[in-house]
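Single-structure report; data block below.
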Amino acid sequence: MAIIDLQDGALSARLSTAGGVLLDFSWMRDGRKIPLLRPAADDADALSSACYPLVPFGNRVRSNGFHFEGRAYSLQPNTFWDPHYLHGDGWLAEWALLSESATGAEIGFRHQADGSPYSYKAKQSFRLSGKGLKLHMSVENTGEAALPFGLGWHPFFPLTEQTTFLAKAQRFWTETEGWLPGEPAEIPADLDFSQPAPLPRRWINNGFEGWSGNARITWPEACTALDLTADPIFRHAVIFLSDERFDPGFRRDYFCFEPMSHLANGHNLPGFGDLKVLQPGERLEGSIRMQPLAIS
Numbered sequence: 002m003a004i005i006d007l008q009d010g011a012l013s014a015r016l017s018t019a020g021g022v023l024l025d026f027s028w029m030r031d032g033r034k035i036p037l038l039r040p041a042a043d044d045a046d047a048l049s050s051a052c053y054p055l056v057p058f059g060n061r062v063r064s065n066g067f068h069f070e071g072r073a074y075s076l077q078p079n080t081f082w083d084p085h086y087l088h089g090d091g092w093l094a095e096w097a098l099l100s101e102s103a104t105g106a107e108i109g110f111r112h113q114a115d116g117s118p119y120s121y122k123a124k125q126s127f128r129l130s131g132k133g134l135k136l137h138m139s140v141e142n143t144g145e146a147a148l149p150f151g152l153g154w155h156p157f158f159p160l161t162e163q164t165t166f167l168a169k170a171q172r173f174w175t176e177t178e179g180w181l182p183g184e185p186a187e188i189p190a191d192l193d194f195s196q197p198a199p200l201p202r203r204w205i206n207n208g209f210e211g212w213s214g215n216a217r218i219t220w221p222e223a224c225t226a227l228d229l230t231a232d233p234i235f236r237h238a239v240i241f242l243s244d245e246r247f248d249p250g251f252r253r254d255y256f257c258f259e260p261m262s263h264l265a266n267g268h269n270l271p272g273f274g275d276l277k278v279l280q281p282g283e284r285l286e287g288s289i290r291m292q293p294l295a296i297s
């Protein structure tokens, strides 16, 4: 495992090759270090990190299986606590450090079909600049057959009493048993973030379709906001806000907004829920950017 520190002016980031995760993204302003993602310890696993990758796709697949081009494929659970193969393999893998500088790093890993039919290689790059932090990820199908692929990230944002969230979307997905997506529906009033709004005080684990690609998290107590922008392939997202039943130690101090290239359970949806079919040797890639700004 390697820990890499990045710095550009008042912005800093810290990442680990264990899980390919971010451990910190902060802004030093007026002598105060302002966390822009949930800070994590150096030995944090992905679930305790600031942000982790979703590759070769995100979320869960109903019944751990799907049919593609006349073949049935199965997936094996990759955690002890969830009956589903969850969030791909990148968050559980040791990534190799490919390059490093004061303001950037590139890491990568290869996966051979094991627990899933997917063989691929993935890369992530992290670049700090005066405009913020840019994350880029690519996945290449190294298997012998075409399969549907996806990408995403799972960032954890600080949640305070005054936090507001803005992210326009077109449609909402209900949640059903097993933390799986249910059906598309109108966006509930308390999850309508077409204008800045606080997050409700309840469990949230829902997909949002037709996301605009722009989001803003605002922390009035710190006079700070964070703009999140994504490439056009990321037009879906999941909002996750835990509770004490799922996590007895939950303190309502974070929430997740997970940009994704596809719908959860896309393998079993028409058009594969925007998963991209990659032939052997083909690649899928995209970037997100996070830029802090001072507010009054």
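Just add 1 to the spot in the sequence shown (first one is 1) and you have my numbering.
C-beta: ideal position from N, C-alpha, C; glycine also.
Predicted, not measured: the structure shown is a model, and the values here were computed from it.
*Between P260 and P159, is the Cβ-Cβ spacing less than 8 Å?*
no
_Buried versus exposed call for N206 [16 or more other C-beta atoms within 10 Å across all chains shown]_ = buried
*Which stretch, first to last residue, makes up the beta strand (DSSP E) that contains E1?*
The structure shown has nothing for residue 1, since the chain only spans 2 to 297.
_DSSP-derived helix/strand/coil call for A9_ = A quick correction: the sequence has Asp, not Ala, at residue 9. Note: D9 maps to strand in three-state DSSP.
*When the Cα atoms are used, what is the spatial distance from F81 to G21?*
21 Å
_Close-in-space but distant-in-sequence residues of the same chain around L270 (CB under 7 Å, 5 per side omitted)_ = Excluding positions up to five away in sequence, the list reads L264.
*May I ask you to verify whether the stretch 210 to 220 touches the stretch 230 to 238, counting CB pairs closer than 8 Å and requiring at least 3?*
yes
*Fully enclosed by the stretch 215 to 248, which beta strand (DSSP E) runs are 3 residues long or longer?*
215 to 220, 225 to 231, 237 to 242
_Measuring alpha carbon to alpha carbon, tell me which residue in L76, A97, L99, L98 is nearest G89._
For G89, the nearest C-alpha among the options comes from L76.
_Rounding to the nearest angstrom, what Cα-Cα distance links F258 and P156 in this structure?_
6 Å
_CA-to-CA distance, S64 to K132, given in whole angstroms_ = 42 Å
*Express the C-alpha separation of G116 and P78 in angstroms, rounding to a whole number.*
Straight-line Cα distance between these residues: approximately 7 Å.
*Return the CA-CA distance between P1 and D31, expressed in angstroms with no decimal places.*
Because the chain here runs from 2 to 297, residue 1 falls outside it and cannot be looked at.
_According to DSSP, simplified to helix, strand and coil, what is L129?_
strand
*Could you confirm whether any beta carbon from chain D is found closer than 8 Å to the beta carbon of T175?*
Absent here is chain D; the protein component of the structure consists of one chain.
*asked:* Rounding to the nearest angstrom, what Cα-Cα distance links Q113 and S120 in this structure?
replied: C-alpha separation (whole angstroms): 4 Å.
*Give the single residue among V140, L192, H137, L16 whose Cα lies nearest to the Cα of R202.*
L192
_With H, G and I counted as helix, E and B as strand and the rest as coil, what does DSSP make of S17?_
strand
_Please state whether the Cβ-Cβ distance between L98 and I108 is less than 8 Å._
yes
*DSSP puts T165 in a beta bridge; with which residues?*
T219
*Can you round the beta-carbon distance between G151 and K34 to whole angstroms, since I take them to be within the 8 Å contact cut?*
In fact, because the Cβ distance is near 34 Å, the residues do not count as touching under 8 Å.
_Measuring only the C-alpha atoms, how far is A45 from L16?_
11 Å
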